[in-house]
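These notes concern the structure reproduced below.
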Amino acid sequence: MRPPLRIGIFGGCFNPVHCAHLRAALEAAEGLGLDRVDFVPSARPPHKPDAPMLGFAARLRLLQAAVADMPGLAVNDLESRRPGPSYTYDTLVRYREDHPGAELFFIMGTGDLLNLATWRRGFELTRLAHLAVLGREGLGGDEIAAYLAGEGAGLGATARSLPPGVTAGAAWATPGGHMLLCLEIPRLDISASLVRERWLCGRTLRFLAPDAVLQELASMRDKADLAWGRPPAAAGPPAG
Numbered sequence: 001m002r003p004p005l006r007i008g009i010f011g012g013c014f015n016p017v018h019c020a021h022l023r024a025a026l027e028a029a030e031g032l033g034l035d036r037v038d039f040v041p042s043a044r045p046p047h048k049p050d051a052p053m054l055g056f057a058a059r060l061r062l063l064q065a066a067v068a069d070m071p072g073l074a075v076n077d078l079e080s081r082r083p084g085p086s087y088t089y090d091t092l093v094r095y096r097e098d099h100p101g102a103e104l105f106f107i108m109g110t111g112d113l114l115n116l117a118t119w120r121r122g123f124e125l126t127r128l129a130h131l132a133v134l135g136r137e138g139l140g141g142d143e144i145a146a147y148l149a150g151e152g153a154g155l156g157a158t159a160r161s162l163p164p165g166v167t168a169g170a171a172w173a174t175p176g177g178h179m180l181l182c183l184e185i186p187r188l189d190i191s192a193s194l195v196r197e198r199w200l201c202g203r204t205l206r207f208l209a210p211d212a213v214l215q216e217l218a219s220m221r222d223k224a225d226l227a228w229g230r231p232p233a234a235a236g237p238p239a240g
């Protein structure tokens, strides 16, 4: 019998996608033995209603350009086909419907986990998928363990040994039937806000985002200027 498909689900605004996003996806794929990682851009992020945001179609194009030559990475636009705010719980429900029998891993940052109580049905996500938490310097397994014993006690997580084929730093079982896994990954100090700031200052984005993304950004220069805060008449930065 063929083993179940192992799918990583990497949600976010991706405003814009950059090299740290892509490296994180690859780290998760290798560390968890995933068959693929889907980038799922948020159409209407409930936590950023007034953020300077490129439109969904533009962010989708940038993601598609980023993964075009990357086997094992894909883009799913399902949140654009659903009305209302983009809630992770609803996205995972849809994944369970579309991929019955698949093993799902929702990829998130440590900061997201620490704020999970503020998410809609946040502590119920482990009923639908494993949580793959990307640790970073100062926020790794020890900090996650402390959170799970305190504010995150509602997850009901208990420490356990790593499952076969997983090279995560630590693991916890949850009553929902799925696991919480901490992966410690290389720190790349790149953020979407940094990319936007460099863009608005007219500085090069080379090596902050893939060349294919920079070419797409150059083709939508006016949209990016308007969305991120520069008057449309101003010139944008060089594509390279």
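Note that full-length UniProt numbering gives residue 28 to position 28 of the sequence shown, counting from 1, and the numbers run on in steps of one. C-beta: ideal position from N, C-alpha, C; glycine also. Predicted, not measured: the structure shown is a model, and the values here were computed from it.
Subject >> Inter-residue CB distance, Phe-10 and Phe-39 (contact presumed, cutoff 8 Å) >> reply: 5 Å
Original post:
Where does Arg-23 fall in DSSP's three states?
Top reply: helix
**OP:** Counting only the same chain and skipping the five closest in sequence on each side, list residues whose C-beta sits under 7 Å from that of Ala-66.
**Re:** Val-17, Leu-22, Pro-210, Ala-212, Val-213
Original post:
From Pro-232 to Arg-196, what distance separates their C-alpha atoms?
Top reply: Because Pro-232 carries a pLDDT of 48, less than 50, the predicted location of this residue cannot be relied on, and the following value inherits that uncertainty. Rounded to whole angstroms, Pro-232 to Arg-196 spans 15 Å at the Cα level.
**OP:** In the DSSP assignment, find the alpha helix (DSSP H) that holds Leu-200 and state where it starts and stops.
**Re:** 192–200
**OP:** Please report how far the alpha carbon of Ala-192 lies from the alpha carbon of Arg-127, in whole angstroms.
**Re:** 30 Å
Subject >> Integer Cβ distance of Ile-144 from Thr-110, believed to fall under 8 Å >> reply: 7 Å
Original post:
Taking the alpha carbon of Phe-123 as the point to measure from, which residue in Ser-161, Leu-148, Pro-52 has its own alpha carbon closest?
Top reply: Leu-148
Original post:
Do three or more CB pairs link the stretch 128–136 to the stretch 176–183 at distances below 8 Å?
Top reply: yes
**OP:** Can you tell me which of the three DSSP states Ile-185 falls into?
**Re:** coil
Subject >> Buried/exposed call for Glu-79, threshold 16 Cβ in 10 Å >> reply: buried
Subject >> Sequence-distant residues of its chain with Cβ nearer than 7 Å to Thr-158 (five each side left out) >> reply: Trp-172, Ala-173
Subject >> Beta-carbon gap between Gly-165 and Gly-141 smaller than 8 Å >> reply: no
**OP:** Identify the continuous beta strand (DSSP E) that holds Gly-135 and give its terminal residues.
**Re:** 130–135
Subject >> Cβ-based neighbour list, Arg-44, same chain, cut-off 6 Å, excluding 5 preceding and 5 following >> reply: Pro-85, Ser-86
Original post:
Given Asn-76, which residues of its chain have a CB within under 6 Å of its CB, disregarding the five upstream and five downstream residues?
Top reply: Asp-38, Val-40
Subject >> Completely contained alpha helix (DSSP H) runs for the stretch 47–112, where each covers 4 or more residues >> reply: 56–67, 88–98
**OP:** Would you tell me roughly how many angstroms separate the C-alpha atoms of Gly-154 and Arg-203, rounded to the nearest one?
**Re:** 45 Å
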